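Undergrad: Residue numbers (full-length UniProt numbering): 1 to 199.
Glycine is no exception: its CB is placed at the ideal position from the N, C-alpha and C atoms.
Quantities reported herein were computed from a predicted structural model and do not represent experimental measurements.
Handing you this structure, nothing more for now.
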């Protein structure tokens, strides 16, 4: 009986937590994520804290309007390109498709900043503030460098992994058959070709 009561209290605690996060002041922006750990415990948060996180309650993504300034971050992109030996024009193309140069962008899946980095990658990419342009570009370029190395310089496969995750690229042995990912790769590659002469 006591075990059932504790379980009921835990369930009500979760419900109250979710309710507090989606009250009118937050309902326009908050998406609640959940993942189940190896012990079967459910974890709830307003950011995807694990690759296993799934949307539990969907809110609207926060998008801050910003002017499309295509040269504003060129100096930071060049610095990251030199450090990680990634083509300047490729980084620039990824930023344009990912966030349209909006440093405050947050996707519906929780990806953040100019290069739309997921929270569960922050630590491995040494990222403490995803909205700080220099940090975000360095972290995103580091990840792009890792993917290019993993896929032996195959840009399309690296971009597909950046968008859909390396697991999906490995599963399908190439660009996954997801329309979103295929469109993403096509857009980035087109911009990459446009920017290349100016890099």
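Quick one: grab the DSSP three-state call for residue 86.
TA: For the purposes of this step, residue 86 is taken as residue 86 along the chain shown, with counting starting at 1. In the structure shown, the three-state DSSP call for residue 86 is coil.
Undergrad: Between which residues of its own chain and residue 26 is the CB-CB distance below 7 angstroms, once the five residues before and five after are set aside?
TA: For the purposes of this step, residue 26 is taken as the residue at position 26 of the chain shown. With a pLDDT of 36 at residue 26, under the threshold of 50, the modelled position of this residue cannot be trusted; read the value that follows with caution. Nothing meets the Cβ criterion.
Undergrad: Between which two residues does the alpha helix (DSSP H) harbouring residue 134 extend?
TA: Walking along the chain shown from the start, residue 134 turns up at place 134. Residue 134 -> alpha helix (DSSP H) spans 133–150.
Undergrad: Between the region 110–120 and the region 167–181, can you find at least three pairs of beta-carbon atoms closer than 8 angstroms?
TA: Too few Cβ pairs lie closer than 8 angstroms, so no.
Undergrad: When you compare each of 166, 137, 121 to residue 96 by their alpha carbons, which one comes out closest?
TA: Locating residue 96 in the chain shown gives position 96, where the first residue counts as 1. Closest by alpha carbon: 137.
Undergrad: So residue 155 is in the alpha helix (DSSP H); what residue range does that whole segment cover?
TA: If you number the chain shown from 1, residue 155 lands on position 155. Counting along the chain, the alpha helix (DSSP H) containing residue 155 begins and ends at 155–164.
Undergrad: Using a Cβ-Cβ cut-off of 8 angstroms, state whether residue 183 counts as contacting chain D.
TA: Although the question refers to chain D, the structure presented lacks it and comprises just one protein chain.
Undergrad: Please name the residue, chosen from 71, 93, 83, 42, that lies closest to residue 185 on a Cα-to-Cα basis.
TA: Here residue 185 corresponds to residue number 185 of the chain shown, with the count starting at 1. Closest option to residue 185, Cα to Cα, is 93.
Undergrad: Enumerate in chain order the residues of its own chain whose CB-to-CB distance from residue 134 is below 7 angstroms, with the five nearest sequence positions on each side excluded.
TA: Here residue 134 refers to the residue found at position 134 when the chain shown is read from its first residue. Within the same chain, residue 134 has close Cβ partners 76.
Undergrad: Kindly list the residues whose CB is nearer than 7 angstroms to the CB of residue 164, restricted to its own chain and excluding five residues on each side of it in sequence; keep chain order.
TA: Mapped onto the chain shown, residue 164 falls at position 164. Taken in chain order, the residues that qualify are 176, 178, 181.
Undergrad: To which residues does DSSP link residue 36 through a beta bridge?
TA: By 1-based counting over the chain shown, the position of residue 36 is 36. Residue 36 pairs with 42.
Undergrad: Would you mind sorting residue 24 into buried or exposed? The rule is 16 or more other CB atoms within 10 Å of its CB.
TA: Residue numbering aside, residue 24 sits at position 24 when the chain shown is read from its first letter. In this prediction, residue 24 has a pLDDT of 42, which is less than 50 and means its spatial position is unreliable; what the coordinates show is noted afterwards. With fewer than 16 Cβ atoms within 10 Å of its Cβ, residue 24 is classed as exposed.
Undergrad: Let's see if you can read the secondary structure: which residues bound the alpha helix (DSSP H) around residue 184?
TA: In the chain shown, residue 184 corresponds to position 184, counting from 1. Unbroken alpha helix (DSSP H) run through residue 184: 179–195.
Undergrad: Check each candidate in 190, 90, 73 and name the one with the smallest Cα separation from residue 147.
TA: Translated into the one-based positions of the chain shown, residue 147 becomes position 147. The shortest C-alpha separation from residue 147 is found at 90.
Undergrad: Going by DSSP, which residues form a beta bridge with residue 112?
TA: What you label residue 112 is simply residue 112 of the chain shown in a count that begins at 1. DSSP, once it has assigned bridges, lists 106, 117 as partnering residue 112.
Undergrad: Go ahead and label residue 140 buried or exposed: buried means 16 or more other beta carbons lie within 10 angstroms of its beta carbon, across all protein chains shown.
TA: As a first step, residue 140 must be located in the chain shown, where it is residue number 140. Looking at its Cβ environment, which holds 16 or more other Cβ atoms inside 10 Å, residue 140 is buried.
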